[in-house]
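**Student:** In the working numbering, the protein residues as written are 2 to 321.
Backbone N, C-alpha and C fix where the C-beta goes; we use that ideal spot for every residue, glycine too.
Just so it is clear, the structure is predicted and the values come from calculations on it, not from any experiment.
There's a structure below that I have some questions on.
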Ligand code: NAP
């Protein structure tokens, strides 16, 4: 099978296309034929060995994908060959024509959801639900700022929040991103590249501040975020790529909560709840991943460059 095979950590050029044997499932494993693969910023951090990531090489990257069950191990009962599924990680890596998975990494993909959309579910929607619902405990009628709404997690957050009945303020750094965010029914859209956008957000709340911030670039914004929070407001740190200085007094002034989150920390019972909620949202068509572009697997290096550049507009998909 075709697969990306990383033999040393480094720049995008270490993503090499190889011909590898199709893996055989163990009794508790499922072999999935992959139709679409989702590209995430974390794939680039791992490939480069950033942020404390130290993967064992050689390896095949990737967490997100969708496809069809090809074969199941002898002790797998509830999953059958031919079923359409999306993956939440895998045993062997998703940048490939086939991947081995455990049962808890396989989730049904409704017929009306395309494989490309299915490859945009796991990291984006589980992160969005975890941050907004399980960490911030967001409620209907609260005001949310999605700080960085044009990317995959931002769009997922927007869709979940609108369905919950929140008022959503959202930012993007390009005109195309802002148009996309508007089309996703954000109530008001600002430009996070404009330093005046923090004042615009305060104005949009009549000076009261926002109840929840889902923050995609904490190392750029956290200090100012603390100044636009409503009393007892919460900032969820979803994305962060460096350090930043804050004045803790800003947090004191509004009884703020700064909440970290990592997908890696979700407990199995919490993840089960999240996939159940996502499954319901997919079936009712309230949740629908937005695809920015599709490219062949051999262009994985280009996809890794693109996902780290400004100008996000949804999910980048690789096709094996
Ligand atoms: P993505 O699709 O590449 O989107 C990145 C988003 O960040 C875009 O909306 C981008 O907007 C926005 N952004 C850029 N500069 C910004 C700024 N100064 N202020 C606010 N937003 C800004 O990535 P993603 O998949 O949505 O992930 C978003 C972030 O969360 C990434 O850093 C990722 O590593 C992280 N993440 C963390 C977890 C976790 O477990 N904690 C899980 C998933 C993702 P423009 O391009 O329009 O400027």
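Buried or exposed: where does residue 5 fall if 16 or more other Cβ atoms within 10 Å of its Cβ makes it buried?
**Tutor:** Residue 5 should be labelled buried.
**Student:** Going by CA-CA distance only, name the one from 253, 134, 62 and 182 that's closest to residue 48.
**Tutor:** Answer by Cα proximity: 62.
**Student:** Is the number of C-beta pairs between the segment 28 to 40 and the segment 98 to 118 that are closer than 8 Å three or more?
**Tutor:** Short answer: they touch.
**Student:** In whole angstroms, what is the alpha-carbon distance linking residue 76 and residue 107?
**Tutor:** Going from the Cα of residue 76 to the Cα of residue 107 covers about 15 Å.
**Student:** Return helix, strand or coil for residue 233, following the three-state DSSP convention.
**Tutor:** In this structure, residue 233 counts as strand in the three-state DSSP scheme.
**Student:** Residue 291: which of 310, 121 and 135 sits nearest, CA to CA?
**Tutor:** Per the Cα distances, 121.
**Student:** Buried or exposed: residue 67, going by 16 or more other Cβ atoms within 10 Å of its Cβ?
**Tutor:** It counts as buried.
**Student:** Does the ligand NAP have even one heavy atom less than 7 Å from the beta-carbon of residue 242?
**Tutor:** Under cutoff, so the answer is yes.
**Student:** Under three-state DSSP, which class holds residue 173?
**Tutor:** Strand, per DSSP.
**Student:** Thinking residue 209 and residue 257 are a contact (beta carbons under 8 Å), I'd like their distance in whole angstroms, please.
**Tutor:** Contact doesn't hold; Cβ gap of about 14 Å is too wide.
**Student:** Determine the closest residue to residue 179 out of 148, 164 and 199, with distance taken between C-alpha atoms.
**Tutor:** Minimum Cα distance to residue 179 is reached at 148.
**Student:** According to DSSP, is residue 45 helix, strand or coil?
**Tutor:** Helix.
**Student:** Considering only C-alpha positions, which residue in the set 163, 255, 230 and 220 is nearest to residue 241?
**Tutor:** Closest option to residue 241, Cα to Cα, is 220.
**Student:** Alpha carbon to alpha carbon, how far is residue 154 from residue 54? Give it in angstroms, no decimals.
**Tutor:** Answer to the nearest angstrom: the Cα atoms are 21 Å apart.
**Student:** So, residue 74 versus residue 138, is the Cβ gap smaller than 8 Å?
**Tutor:** Contact flag unset, no.
**Student:** Within the segment 40 to 118, note down every full beta strand (DSSP E) run reaching 3 residues or more, in order along the chain.
**Tutor:** Counting whole runs of 3 or more residues, the segment 40 to 118 contains the beta strand (DSSP E) stretches 65 to 73, 85 to 89, 99 to 103 and 107 to 109.
**Student:** Determine the extent of the alpha helix (DSSP H) in which residue 1 is found, giving its start and end residues.
**Tutor:** This structure cannot settle anything about residue 1, because the visible part of the chain is limited to 2 through 321.
**Student:** What are the partner residues of residue 296, as DSSP defines its beta bridges?
**Tutor:** Looking at the DSSP assignment, residue 296 forms a beta bridge with 319.
**Student:** Cα-Cα, which of 223, 222 and 150 is closest to residue 187?
**Tutor:** Considering only alpha carbons, the answer is 150.
**Student:** Considering only the beta carbon of each residue, do residue 86 and residue 103 sit closer than 8 Å?
**Tutor:** Not closer than 8 Å, so no.
**Student:** What first and last residue would you give for the alpha helix (DSSP H) that runs through residue 308?
**Tutor:** Start and end: 301 to 308.
**Student:** Three-state secondary structure (DSSP) at residue 12?
**Tutor:** It is coil, neither helix nor strand.
**Student:** Which one or two residues does DSSP pair with residue 185 in a beta bridge?
**Tutor:** None, per the DSSP bridge assignment.
**Student:** So does residue 248 have its beta carbon nearer than 7 Å to some heavy atom of the ligand NAP?
**Tutor:** No, the ligand NAP has no heavy atom inside 7 Å of this Cβ.
**Student:** Could you tell me which residues DSSP puts in a beta bridge with residue 3?
**Tutor:** Residue 3 is bridged to 20.
**Student:** If we ignore side chains and look at the alpha-carbon of each, how far apart do residue 315 and residue 232 end up?
**Tutor:** Taking the straight line joining both Cα atoms gives about 32 Å.
**Student:** Does any heavy atom of the ligand NAP sit closer than 7 Å to the C-beta of residue 49?
**Tutor:** Residue 49 Cβ: outside cutoff for every heavy atom of the ligand NAP.
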